[in-house]
Amino acid sequence: MPLPGGDLLEPEINAIFGGKDVDVDTGNYILNVMHWRRQSGALIDVGLKFSGEIKVTKEQALRALEYVRSQLPDVDEAGNGAEWAKEEEERLRQELQARAVKLRLYKANEEDVAAEDEYEDIEESQQGTEFGRQKTGHSVLQATRKANEMEYEIFKREKEEARKQAELNAAAAQRGPVELLGGVQPGLPRQQAFLERPREKPAYIKYYEEKATIIKENVVPRMSTIARLGPSFLVLLLVLAGCWYLDQNYTPPPTPARLWPDTPPAVATLWGVTGLLVATFFLGRLPPLWRTFNKYMTCAPAYPYALSLIGACFRHDQFWHLTSNVITLWLFGLFLHEEVGRGTFLAIYLASGVTGTFTSLVYNVVRKQWTVYVLGASNSVLGVTAAICTLRPTGSIEIFGYKIPVYAWMYLALIGVTETAAAFKALKTTIDHAGHVGGMLFGGAAAFALRYYAAQNRSGGEQNVSQMVQKDAKEIADELKREAKEADLV
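In our numbering, each number is its position in the sequence shown, counted from 1, plus 1003.
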């Protein structure tokens, strides 16, 4: 029975089992089995025992049970165990009753008696008349044949019952995902419904997995909140200072000095960022680099490395994650780059990612979510999205040349409210909602500051923030009125 949140990834499995000869497939298999035993009540009967080809120690089973209990504390193990015991008792009673009937130690119920009477009537029709049998009695050959037939029928039934029981035992002790439906233990599901049996990994893979495990024991390191957040906060300040310097001092090179002079600067910049993201995606597949990636390109609240604030913004472990971020970056990044230039674009991109990662780190440390980890360029990409939507709030959004009938400020408000609500509700998903909110806030704030300073320069320092906000509100209201008039005319 899979966990509600689906299978866990390698860092979570390592955190649960301490990285002791437990790979991802085996770890998820143990967790799913222990989850099924709690839900079905089999835990009271089977306990922590595992049989079969997969060697699972009691310590590993206990760690899996503790984790499942921490994630699903509301499961009534005692009640489920009582129901399991009741059903097992009924099943054993029926087996003993059937065996007693076979051995003539127990009187069968009316249905069994009627079936046997019907069998006797058939036998009478085949063995002459009742008067003749009373005179001659039963033949020894007939009695022997009848006894042999009865023994053979008993043997076939017992063999079939033993086969079915062996399948159920295998499901409960080895596979686990068999559920009690309506109080009746069903037959064994088809083979493709089972968890795939984990395959043995090569020795060098196990070596690098063990080496890449940062926390060797299944214990969260004892660190104060300051120790977890302080170094990362200093790195955040240094990155923000560097981004500010890049924004203020970057000078575009002349066209002849560019590497691709015929390529627009915005396209060249995005190709460079995309190439870096794709390169880290493939480098993360190399076992010798696993430890480096886990330390400096994965932000883990249980034991954070300060430099991981930067590295986590460029790491992707799944292709769909990389693809979605790259597509969004190109959809919104080109417009932002054209508006602000390369230096400011890169500053917003990097600062939004680092700010979002630090926001996620603080969020998870405060909530004591020690088994989560943060990686990906989503915070940077959403920061870029928020920046261009703030710079052009009444602008339109185009995707592959198709104009979407939604203003930029509406799109920003939609994703902002959605991400903030998900972060406050603490939804159990694989999406870093807190980091997304942090990246969007920084990107929006940076774009607002750019607009403010530009307005100051145009007005000679006479326009303040309140006047700029009122102007934006008036533009939005005018656009909405214009849209309403056009709709009435249609």
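Positions of the beta carbon are idealized from the N, C-alpha and C atoms, including for glycine. For clarity, every value in this text was computed on a predicted model and none was experimentally measured.
Check: Residues sharing a beta bridge with E1401, DSSP; Outcome: K1406
Check: Span of the alpha helix (DSSP H), counted from its first residue to its last, around V1281; Outcome: 1268–1286
Check: Rounded distance between the beta-carbons of P1014 and T1358, thought under 8 Å; Outcome: Not confirmed; about 23 Å, so no contact.
Check: Cut-off 7 Å between Cβ atoms - residues of its own chain near V1025, not counting five sequence neighbours on either side; Outcome: I1016, Q1063
Check: When F1445, G1438, I1157 are compared against L1364, the one with the closest alpha-carbon; Outcome: G1438
Check: Nearest-angstrom Cβ-Cβ length linking Q1372 and P1304, presumed shorter than 8 Å; Outcome: 6 Å
Check: Where the alpha helix (DSSP H) through V1420 begins and ends; Outcome: 1411–1428
Check: For L1075, the nearest candidate out of R1040, P1307, G1233 (CA to CA); Outcome: R1040
Check: First through last residue of the alpha helix (DSSP H) which encompasses Y1366; Outcome: 1345–1369
Check: Whether E1342 touches I1391 by CB criterion (8 Å); Outcome: yes
Check: Buried versus exposed call for D1435 [16 or more other C-beta atoms within 10 Å across all chains shown]; Outcome: buried
Check: Classification of Y1032 by the beta-carbon crowding that lies within 10 angstroms, buried from 16 upward; Outcome: buried
Check: Same chain only: Cβ atoms within 6 Å of T1283, ignoring 5 sequence neighbours per side; Outcome: F1317, R1318
Check: Start-to-end residues for the alpha helix (DSSP H) that takes in K1061; Outcome: 1061–1074
Check: Proximity winner among I1351, F1361, Y1306, G1287, relative to L1325 (alpha-carbon distances); Outcome: G1287
Check: V1384 (DSSP reduced to helix, strand or coil); Outcome: helix
Check: Residue range of the alpha helix (DSSP H) that includes V1223; Outcome: Careful: V1223 lies outside any alpha helix (DSSP H) and carries neither H nor E.
Check: Own chain, CB closer than 7 Å to T1360, minus 5 neighbours either side, in chain order; Outcome: C1302, L1312, A1315, C1316, V1377, N1382, G1438
Check: Whole-angstrom distance between Y1308 and T1347, CA atom to CA atom; Outcome: 27 Å
Check: Among T1295, P1268, L1280, A1452, the one whose alpha carbon lies nearest that of I1217; Outcome: T1295
Check: Spatial neighbours of R1485 in its chain, beta-carbon cut-off 7 Å, leaving aside the 5 residues before and after; Outcome: none
Check: For F1427 and I1400, the rounded distance between their alpha carbons; Outcome: 28 Å
Check: Cα-Cα separation, N1328 to V1387; Outcome: 11 Å
Check: Where L1273 falls, given that 16 or more other Cβ within 10 Å makes a residue buried; Outcome: buried
Check: Contacting residues, own chain, Cβ-Cβ under 6 Å from G1398 (five flanking each side not counted); Outcome: A1411
Check: Best match in L1337, P1234, L1353 for proximity to L1243 [C-alpha to C-alpha]; Outcome: L1353
Check: Opposing strand residues paired with V1377 [DSSP bridges]; Outcome: C1302
Check: Contact set for A1018: own chain, Cβ-Cβ below 8 Å, skip 5 residues either direction; Outcome: I1218, N1221, A1305, W1373, T1374
Check: C-alpha gap between W1333 and L1310, whole angstroms; Outcome: 27 Å
Check: Limits of the alpha helix (DSSP H) - the one that G1208 falls within; Outcome: According to the sequence shown, residue 1208 is Ile rather than Gly. Its alpha helix (DSSP H) spans residues 1206–1215.
Check: Cβ-based burial, P1267 [other Cβ within 10 Å; buried from 16]; Outcome: exposed
Check: Neighbourhood of T1331 by C-beta, 6 Å cutoff - its chain only, sequence neighbours within 5 removed; Outcome: V1384
Check: Straight-line Cα distance separating Y1299 from L1289; Outcome: 15 Å
Check: Sequence-distant residues of its chain with Cβ nearer than 8 Å to L1279 (five each side left out); Outcome: F1317
Check: Candidates T1362, L1034, L1011, A1085: closest to L1444 by CA position; Outcome: T1362
Check: DSSP three-state assignment for A1260, whether helix, strand or coil; Outcome: helix
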